[in-house]
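These notes are about the structure you will find just below.
There are 2 protein chains.
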Amino acid sequence: MLLSKSCVYGLRASLYLASKRDGDFYSLKEISEELDISFHFLTKILQQLTADGLMESYKGPNGGVRLSDKGKEATLYDMVIAIDGPGLFTQCALGLPGCGSQEPCPLHESWVDTRASIENMLKRTSLIEIAKEGKEKHFRLTAEGQFSWQ
Amino acid sequence: MLLSKSCVYGLRASLYLASKRDGDFYSLKEISEELDISFHFLTKILQQLTADGLMESYKGPNGGVRLSDKGKEATLYDMVIAIDGPGLFTQCALGLPGCGSQEPCPLHESWVDTRASIENMLKRTSLIEIAKEGKEKHFRLTAEGQFSWQ
DNA sequence: AATAAATAAGATAAAATACTCTTAAAACTC
DNA sequence: GAGTTTTAAGAGTATTTTATCTTATTTATT
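Spelled out as structure tokens, the structure:
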């Protein structure tokens, strides 16, 4: 798969938050239940995003997580980088270290373009914009479609 | 990563064979040494490609593997399908089952295009053609560049 | 101050992927 | 036909990814 499961869960949770009221904290329990993601696993992933400054968390009753100012401007690309790292956008399709225009593998030239198109797709729009569109068009964010943008 | 390691090893071995004299069998030992891939692991992967009809094998002294007629016309796409399966070209970027134009996820429309560009890149040229270009331009097929197209 | 609700963090477990080892089967050489 | 070389196949191990469980720590409420 293109993205790890951690990354996909992180993206879905990010879109969830991007669709909610700005500034409010949403509990991990609620997010994990609505998006049907393992609570503990999601906790780990969002901790990473919090450590990266893309989210903010607050402990205690009525605590939870929300997008930080940085997170509100972030794109899918920023989230992918924070969770899966830059590998997808830098590595050789054949896994050869140091592959580049200097010492290319047979796929290098084609792959550079394809890689860029993946990168551009993820960079194109901010989470907030995607969530806005998702809200308008009632796009899915879960397998069973149980989540509603409200 | 985009492709599994099995898949990358399979592609590299396929390009190796595509660059060699048509019809000759090349031993797994030789391939694994030249391409710096674990012998036993490579064996498994090429067995898969043989079972799939993309390669032919011959046992005993002077035995080995070679591209079948089907394999000679194959593209990288065919090899990827044989090893990693069609998931990369069919699955939702957010992993949602049944995601499609009927019930799209927020990334669906963008992802469909990007996915197609990956598919087209892999379908564009046959192994033989890529190997021919690699030979002409001395492209790398190993980390250290020890392999030579000769 | 005590209790409860929530995230943080560490340890553990399960599953998938990557890799290795051993034995069998086929084909050649003598 | 005995011995050797090679792929085939199955079992076993290691590592990484995914997921769970347990114990802190922080904050609010009473």
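Going down the list, the sequences are from chains X and V. For the first sequence, numbering that gives the first Met the number 0 gives the first residue as 0, with consecutive numbering after it. For the second sequence, numbering that gives the first Met the number 0 gives the first residue as 0, with consecutive numbering after it. Just so it is clear, CB atoms sit at the ideal spot from N, CA and C, and this is done for glycine as well. If you're wondering where the values come from, they're calculated on a predicted model, not measured in any experiment.
Secondary structure at Thr-141(X): coil, using DSSP grouped into helix, strand and coil.
Inclusion of Glu-118(V) and Tyr-76(V) in the CB contact set at 8 Å is warranted, their separation being smaller than that value. Proximity of Ala-81(V) to chain X, defined by a Cβ-Cβ separation below 8 Å, is not satisfied. Excluding the 5 residues flanking it on each side, Lys-71(X) has same chain C-beta neighbours closer than 7 Å at Ile-127, in chain order. The beta carbon of Cys-6(V) is closer than 7 Å to those of Val-79, Ile-82, Asp-83 in its chain, skipping five residues each way along the sequence.
Annotated three-state conformation of Arg-65(X) is strand, per DSSP. In the structure shown, Glu-55(X) falls within a strand segment according to DSSP collapsed to helix, strand and coil. Residue pairing for Tyr-25(X): DSSP places it in a beta bridge opposite Val-64(X). When the alpha-carbon of Gly-94(V) is set against those of Asn-61(X), Ile-36(X), Ser-18(X), Asp-23(X), the nearest one is in Ile-36(X).
In the displayed model, Thr-113(V) falls within a helix according to three-state DSSP.
At the C-beta level, Leu-66(X) and Ala-12(X) stay beyond 8 Å of one another. With a threshold of 16 other beta carbon atoms within 10 Å, Pro-105(X) meets it and is buried. The C-beta of Ser-100(X) has fewer than 16 other C-beta atoms within 10 Å across all chains shown, which makes the residue exposed.
The beta carbon of Ser-109(V) falls within 8 Å of a beta carbon belonging to chain X, placing the residue at that interface. DSSP, read as helix, strand or coil, puts Thr-74(V) in strand.
DSSP lists Thr-74(X) as the beta-bridge partner residues of Ser-125(X). Met-54(V) has a beta carbon lying at 8 Å or more from every beta carbon in chain X. The C-beta of Ser-100(X) comes no closer than 8 Å to any C-beta of chain V.
The criterion of a C-beta distance shorter than 8 Å is not satisfied by Leu-45(V) and Leu-34(V). Straight-line spacing of the CA atoms in Leu-48(V) and Ala-73(V) works out to 11 Å.
Contact between the segment 139-149 of chain X and the segment 125-140 of chain V is not established, with fewer than three Cβ pairs separated by less than 8 Å. In this structure, the alpha-carbon of Tyr-25(V) lies about 25 Å from that of Leu-2(V).
In its chain, beyond the 5 residues on either side, Leu-14, Ser-18, Leu-140, Trp-148 have a beta carbon closer than 8 Å to the beta carbon of Gly-133(V). For Met-120(V), the three-state secondary structure derived from DSSP is helix.
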